[in-house]
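Peer 1:
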Amino acid sequence: MPVRGGWRDPLAFGLLVGAISSMFAFFWEFLIANSGLLKPFGGVSISLSSPIIFLILIFLSPILVGISVFISSLIIHLLLLLVRAGNNRFEATFRVVAYSQATRIWSLLPFIGSPIGWVWRSIVQIIGLKEAHETSY
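Quick look at the structure:
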């Protein structure tokens with residue numbers, strides 16, 4: 015992956031994959047919340063079972079993903095600078111975080127998809143940051 019080359023393509027990719035995956039994650043949570051499966055465990059919060067909140071989250075998911083990618087990139091880049099591992103510009107960190115959104119596709123699977131995607135995204139980001147910033151683990 016080139017560490018330079020613009021922000022548009024990584025951002026578009028991250029928004030597209032991240033938003034679609036978030037929509038599926040919200041869908042599965044909404045279905046589970048309204049199925050009654052969680053009643054023996056104390057039920058769910060009102061926010062997950064409300065169709066209006068569900069629709070708002072669906073429409074806001076691209077914005078939330080975009081904000082998340084930028085904030086995550088900023089925090090990760092600052093931490094890399096803190097430990098003197100940020101050998102490239104912020105753009106390199108942003109590209110790694112944006113393209114690592116591909117792992118969120120695991121959210122298509124109910125129940126286990128989101129945790130698998132989170133673990134795999136962490137691994138992909140660690141490897142990607144190592145390569146992009148030419149540093150060690």
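15 is the number of the first residue of the sequence shown in the working numbering; add one for each residue after it.
By construction, the Cβ of each residue, glycine as well, lies at the ideal position given by its N, Cα and C atoms.
1. From Thr117 to Val31, what distance separates their C-alpha atoms?
2. For the alpha helix (DSSP H) containing Ala112, name the first residue and the last one.
3. On the criterion of 16 or more Cβ atoms from any shown chain inside 10 Å, does Arg22 qualify as buried, or is it exposed?
4. Report the CB separation of Asn101 from Glu43 in whole angstroms; it is logged as a contact under 8 angstroms.
5. Starting from the Cα of Phe41, find the closest Cα among Arg103, Ser86, Phe68, Ala33 and give me that residue.
6. Using the beta-carbon count (16 or more within 10 Å), is Ala26 buried or exposed?
7. Just verifying my parser: in three-state terms, what is the DSSP assignment at Gly28?
8. Considering just the uninterrupted stretch of the alpha helix (DSSP H) at Pro16, what are its terminal residues?
Peer 2: Inspection of the coordinates gives the following:
1. 9 angstroms
2. It spans 104-113 - the alpha helix (DSSP H) in which Ala112 sits, taken as one unbroken run.
3. exposed
4. Not confirmed; about 39 angstroms, so no contact.
5. For Phe41, the closest C-alpha among the options Arg103, Ser86, Phe68, Ala33 is that of Phe68.
6. Exposed, since its Cβ has fewer than 16 Cβ neighbours within 10 Å.
7. Correct three-state label for Gly28: helix.
8. Here Pro16 belongs to no alpha helix (DSSP H), and DSSP marks it neither H nor E.
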